[in-house]
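One structure is given here, and the rest of the page talks about it.
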Amino acid sequence: DTGVGKTAVTAALARLCASHGMRVAALKPVVSGAETDGTWEDVEILRAANQPPRSIAETNLYAFDPPLAPHWAAQQAGVTMDRGRVAAFVRAQSVAMDCVLVEGAGGFLVPLGADWGFAELAEDLHFPVLLVVGLRLGAINHALLSVEAIRTRGLSFAGWVANTLNPAVAEGTLETLQRRLPAPCLGVLPYIPHWSAAVLSPYLSLPASLY
2 DTGVGKTAVT
12 AALARLCASH
22 GMRVAALKPV
32 VSGAETDGTW
42 EDVEILRAAN
52 QPPRSIAETN
62 LYAFDPPLAP
72 HWAAQQAGVT
82 MDRGRVAAFV
92 RAQSVAMDCV
102 LVEGAGGFLV
112 PLGADWGFAE
122 LAEDLHFPVL
132 LVVGLRLGAI
142 NHALLSVEAI
152 RTRGLSFAGW
162 VANTLNPAVA
172 EGTLETLQRR
182 LPAPCLGVLP
192 YIPHWSAAVL
202 SPYLSLPASL
212 Y
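Start counting at 1 in the sequence shown, then tack on 1, and there's your number in my numbering.
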């Protein structure tokens, strides 16, 4: 979903991987919504989380200025994103890496082209899927629908991270999700308005498949 802390979790997981001696690539192939200085904050954060270091061009493929859904931002820019090119970009950046983290934009079913989106990209790459759930009103329905979409496609649902956005509803929402989601919870992030990957990574654990 939008605004649930995907970049924060991706960067923190990358830092955790690096602390275990892993070579890690944290990628955001598609981003929209530039800062006033013309940079893309999410991409900068992930670039800094990579180990060994990599450039912006090795972290992101398509970037659009307007803060719109990626496919619409691309259309406004007169760009057609190429499914094969995105998959090839991820594969190229995965060479010699122990862990590759690919952050989406929006949610699992967000489109990137006329007949494809992040769900189809995950299918092309055969990557397991991690879900970031923002603990706020509506999170339970959204998380369960997302997991249903992941499993319907035959993809591995490797785990989920809860990020506290609304402390007032966090406890009940988390309890329900822990009962209903068919994968391990890899961490519960407290409400931290001014976060960093270093602050968040101790709250997380890595999927069992990485060990």
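Using N, Cα and C, we set each Cβ at its ideal position, and we do this for glycine too.
>> Going by DSSP in three states, Y204 sits in which element: helix, strand or coil?
In response: helix
>> Which residues does DSSP list as the beta-bridge partners of A163?
In response: V134 and V189
> If you drop the 5 nearest sequence neighbours on each side, which residues of the same chain put their C-beta closer than 7 Å to that of L136?
Replying inline: A163, N164, T165, L166, N167, V170, A171, T174 and L175
> On the premise that L17 lies in contact with L132, defined as a C-beta separation below 8 Å, what is that separation, rounded to the nearest angstrom?
Replying inline: Wrong, their Cβ atoms sit about 17 Å apart, outside the cutoff.
> By how many angstroms is the C-alpha of T3 removed from the C-alpha of A27?
Replying inline: 18 Å
> Taking buried to mean at least 16 other C-beta atoms within 10 Å of its own C-beta, is Y192 buried or exposed?
Replying inline: exposed
> In the structure shown, what three-state DSSP assignment does F158 receive?
Replying inline: strand
> Any idea what DSSP makes of F65, helix, strand or coil?
Replying inline: strand
> Looking at the unbroken alpha helix (DSSP H) that takes in L213, where does it start and where does it end?
Replying inline: For residue 213 there is no data in the structure shown, the boundaries of the chain being 2 and 212.
>> Quick check on this structure: which residue in P67, G139 and L122 has the alpha carbon closest to the alpha carbon of T37?
In response: P67
> Tell me the DSSP bridge mates of A27?
Replying inline: L102
> What residues are listed by DSSP as bridge partners for V44?
Replying inline: V44 pairs with nothing; no bridge assigned.
>> Cutting at 7 Å between CB atoms, please list the residues of its own chain near C100, excluding the five before and the five after it.
In response: C18, M23, V25 and L211
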